[in-house]
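Visitor:
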Ligand code: HEC
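Residue numbers (mature numbering (1 follows the signal peptide of the UniProt record, and there is no 0)): -21 to -1, 1 to 87.
#1: Quick check: does the Cβ of residue 58 come within less than 8 Å of any heavy atom belonging to the ligand HEC?
#2: May I have the straight-line CA-CA distance separating residue 19 from residue 58, to the nearest angstrom?
#3: Could you check if residue 55 is buried or exposed, using at least 16 other CB atoms within 10 Å of its CB as the buried criterion?
#4: Can you give me the start and stop residues for the alpha helix (DSSP H) that residue 84 sits inside?
#5: One question on the structure: do residue 17 and residue 69 come within less than 9 Å of each other, judged by their Cβ atoms?
#6: Hey, residue 146 and residue 8: beta-carbon distance below 9 Å or not?
#7: Is the CB-CB distance between residue 42 and residue 76 below 9 Å?
#8: Would you say residue 12 touches the ligand HEC, meaning its beta carbon is less than 8 Å from a heavy atom?
#9: Give me the residue from 10, 78, 47, 61 with the minimum Cα distance to residue 24.
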């Protein structure tokens, strides 16, 4: 079963480094102005992404729920302010892009 060690290294190292570069979907975050209201670790106008991740990490269907939320906006249980829908934050957000953002938030 022996793969040459150099190939094993290439397989192990290349995805790891590109995953690092991609780990934050920066363009989507900028385009949707997420950081206008959220930060990763300080509650601000909106709950921090870490609070959100802590709350939803072990919930079944959290990703589906939050994906809808990112596209349609709305208010859940964090306070009086609702999150605006994607169209008011910078433009329509596809389900795939919403999922990318949700995965990012939940991994904080
Ligand atoms: C205009 C301010 C604003 C912007 C911009 C914004 N949010 Fe929010 N977000 C909020 C507020 C306020 C809440 C809390 C509302 C609630 O769920 O009760 C919230 C809640 C959330 C939640 C938790 C939802 C829930 O149902 O518990 C997630 C996840 C989230 N935001 C992600 C994002 C992401 C990702 C972006 C960028 C695509 C973004 N937000 C942009 C204001 C904003």
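All residues carry an ideal CB built from backbone N, CA and C; glycine is no exception.
Guide: To lay it out plainly:
#1: yes
#2: 18 Å
#3: Residue 55 comes out exposed.
#4: 74 to 85
#5: no
#6: As shown, the chain starts at -21 and ends at 87. That puts residue 146 outside it, with no answer to give.
#7: no
#8: yes
#9: 61
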